[in-house]
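What follows is a set of notes on a single structure, which appears directly below.
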Amino acid sequence: MNKERITIFDTTLRDGEQSPGCSMTLDEKLRMARLLDEMGVDVIEAGFPIASPGDFEAVSRISETVKTSTIAGLCRAKDADIEAAAQAIEKAPRKRIHTFISTSPLHMKYKLQMEPDAVVDAIAASVAKARQYTDDVEWSAEDGSRTEPDFLCRCVETAIRAGASTINIPDTVGYAMPEDYAALFTMLRTRVPDMDKAVLSVHCHNDLGVAVANSLAGVKAGARQIECTINGIGERAGNAALEEVVMAMRTRPDAFPYETGIDTTAITKVSRTLSTITGFSVQPNKAVVGANAFAHESGIHQDGMLKNAQTYEIMTPESVGLVKSELVLGKHSGRHALKNKLQDLGYKLDDTAFQDLFQRFKVLADRKKTIFDEDIETLIEEEIGREKDRIQFVALQIQAGTRGPQVAELVLDVDGNAQNAKTEGNGPVDAIFRAIREIVPHPDAHLQLYQVHAVTGGTDAQAEVTVRLEEDGKTVNGQGADVDTLVASCRAYIHALNKLLTKRTRSAPA
Ligand code: KIV
Ligand code: ZN
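If you use the numbering used here, the sequence shown corresponds to residues 617 to 1126, in order.
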C-alpha cells in the first residue's frame, strides 16, 4: 500500500534552543544539524536569523553544511527579518522561509497592538516578500489555536493566495485539547478555498502534557507536517517530541497509515547527543528515549518478556537504536577494537582525534574494569573540539573529608602558560570552582546548574558532570567526565568557561 508521507519539521535548533538553558554553540548546532540530516528530518528550522549575529551565522553555516534536509529560517512579518532569513539560508540545497504573525485577539491587541485588518495586510505582504526568495514559504498563525475561527480562515486564505505552500497552526501556549485542535484542521479544510494548495502543519507546546496527542490529532484531521523537537525541548514545558510522534505513527500503522523519512534507529544517539550538549537530562520514564523506556523490572513482566517479548514490549529497543553492547572493551583492547566500536556507534573521527581518544580510553581502562558503549560515547563527547580551548585542565589535588578545610590545588594551562591556585572552599567542589575563578577571573558569570550523573552502573562508573554558567543573559553548558567526580566537575567548569570566552569574542563589536 502506498502510504501518505508526513513531513517531519524539526525545530530543536530554533524553538528548542531559545528555551532557557538550552543554548548551543555554533559547533554544537552544526553537530546537531548533521545528525538531524542523517536521521532523515525533512525540514530543519535552523534558527531565527534576525535575532542575533550568532543566530544568523548558525543558520548560514548549517545551510552550507547540511546535504539533504530543507533549511528553514524563521522571521516575523517584517522586511528586515525576511531579508536576513533569505540571506542566511542562501547556500542551503533546499530552502524555506518561515514567516509568522499573531492572529489571536489577545496577541493582536496587547502584543502586536495591531488591528485585524492590518494583520491581514501584513500576512499578504510578508508571504509575497518571502516568495521573492524561494518558492517554499511557510506561514504560521502564532497563537493559532486561540484565534477566532472566521478570522483564522481569512488569514489562512490570505497566506495561500500570497503564495504560502505550508500553513502552520501553532498551539503556542499549549492550551488546546486534541478534539479542539483536530476540529480546527477540519474546519480549515472545509472552509478555506484552495486549502488543498498548501500543506497543513501542526506545532504544539506541552503546557498541559498533550503536545504529542494534539499533533497526532491534527494529523488525523488532515495535517501532513509535524513540527517537533528532539527530547521535546522547547519554550516552557517544551514542544511535541519528535521521537514520540514518529514512533507512535510507526508502532500504530492501523491508526496512522502514514510514513516518515526518519531512520528511527538514529533516535537514541540524537537524543543522547542533545542531552549531553544542553545538560538537559531526559527523565528516566520518558517515552521512547528514557533510561527505563525498555526496562522490565517486575517479576511478572520479566517472566512474560522471556516467554514472548511482545507481552510487554510494543516496540523493540533496536527500532530506536538502543543496541545492547555485545563487544565490551577493557584494558587489553587495542586500537582495532576501539575503531570497530566507534564504527558500530556511528562515529567518524579523524586520525588525531582518534589517537587522543585512544589515549584517554587507555587511561580510563586502567581505572575501570569494563568499558561500556556509554563510556566510549562520553569520552567522545569530551574530546570533540576541545583541543582548541584556551584553558586546558592539567592537574588537580584535593583535600576533602571531615577534618580540616577542603582545599583544591589546581594547575591549568591558560593560553599555553601553566598557572596554579590553591584555595579553600565549602566542600571540595566549591574549592575547585574558586580555584578556577582565581586563575581566570570572571566575576560577572553565575553558576546556574551543577549536575552529576553516573554514566553506567558500578562504583567505578564515570561521573558525567554538567555545569551551566550565565553571563549577561547568555548561558553556556560545559560537560566533564571522569571516574573521579571532582576531576569531572573541574573539567565541566573549564569547558563551560571556554565556551563563555568564545561567546564573549563572538559577541564583541568588530
Ligand atoms: O509556538 C509558536 O507559535 C511558534 C511560532 C513562531 C511558529 O513557535
Ligand atoms: Zn513554538
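Heads up, the beta-carbon is just placed ideally off N, CA and C, and yes, glycines get one too.
DSSP places E644 outside any beta strand (DSSP E); the residue lies instead in the alpha helix (DSSP H), whose first and last residues are 642-655. For the pair A702 and A741, the CB atoms are not nearer than the 9 angstroms cut-off. When secondary structure is reduced to three states using DSSP, P1044 falls in the helix class. By a beta-carbon distance limit of 8 angstroms, V818 contacts G834. Their separation comes to about 4 angstroms. According to the DSSP secondary-structure assignment, A857 is paired through a beta bridge with T845. Distance from V936 to E860 at the Cβ level is roughly 11 angstroms; contact not present, criterion being Cβ atoms closer than 8 angstroms.
Residue state for C769 is assigned as helix, using DSSP reduced to three classes. Ranked by Cα distance from E764, the options S718, R710, P794, N908 are led by S718. R805 and D733 have their alpha carbons spaced roughly 23 angstroms apart. For S718, the pairing in a beta bridge is given by DSSP as E758.
For the pair I849 and G656, the CB atoms are not nearer than the 9 angstroms cut-off. Taking L629 as the centre and dropping the five residues before and after it, the same chain places the C-beta of K645, M648, A649, I660, E661, A662, G663 closer than 7 angstroms to its C-beta, in chain order. Listed in chain order, the non-local C-beta contacts of E851 below 8 angstroms within the same chain comprise D631, Q634, S635, H821, local neighbours out to five positions each way being set aside. Looking at the backbone, the Cα of T880 and that of R777 are separated by about 37 angstroms. Under the three-state reduction of DSSP output, D823 falls in the coil class, being neither helix nor strand. Inter-segment contact for the region 1021-1035 and the region 993-1003 is absent: fewer than three beta-carbon pairs are separated by less than 8 angstroms. Here Y749 carries a coil assignment [DSSP, helix/strand/coil]. Within the region 882-941, complete alpha helix (DSSP H) segments of at least 4 residues are found at 883-894, 915-923, given in chain order. Taking K947 as the centre and dropping the five residues before and after it, the same chain places the C-beta of A981, D982 closer than 7 angstroms to its C-beta, in chain order.
The residue among Y749, T627, N1093 with its C-alpha nearest the C-alpha of A857 is T627. When only Cα atoms are considered, I893 and D810 end up about 43 angstroms apart. Considered as a whole, the region 765-814 harbours 782-787 as its complete beta strand (DSSP E) runs of no fewer than 3 residues, in chain order. Counting only the Cα atoms, Q975 lies some 15 angstroms from K957. DSSP places A1061 outside both helix and strand once states are collapsed to three, so it counts as coil.
Beta-carbon to beta-carbon, A757 and C769 are separated by about 11 angstroms, too far to satisfy the 8 angstroms threshold.
Residue pairing by DSSP puts K1090 in a beta bridge opposite E1087.
Inter-segment contact for the region 1036-1043 and the region 1057-1065 is absent: fewer than three beta-carbon pairs are separated by less than 8 angstroms. Under the three-state reduction of DSSP output, G1001 falls in the coil class, being neither helix nor strand. Secondary structure note for D870: it is in no alpha helix (DSSP H), with a DSSP letter that is neither H nor E.
V736 and A1077 have their C-alpha atoms some 59 angstroms from each other. Contact between L995 and F977 is confirmed by a C-beta separation of about 6 angstroms, below the 8 angstroms threshold. In its chain, beyond the 5 residues on either side, R647, M648, L651, E997 have a beta carbon closer than 8 angstroms to the beta carbon of T889.
Here the C-alpha atom of R951 lies approximately 16 angstroms from the C-alpha atom of G962.
For E706, the CB contacts under 8 angstroms within the same chain, skipping 5 residues up- and downstream, are S676, S679 in chain order. Residue environment: E620 is assigned as exposed (fewer than 16 neighbouring CB atoms within 10 Å of its CB, all protein chains considered). Each residue's CA atom was taken as its position, placing H723 and D759 some 7 angstroms apart.
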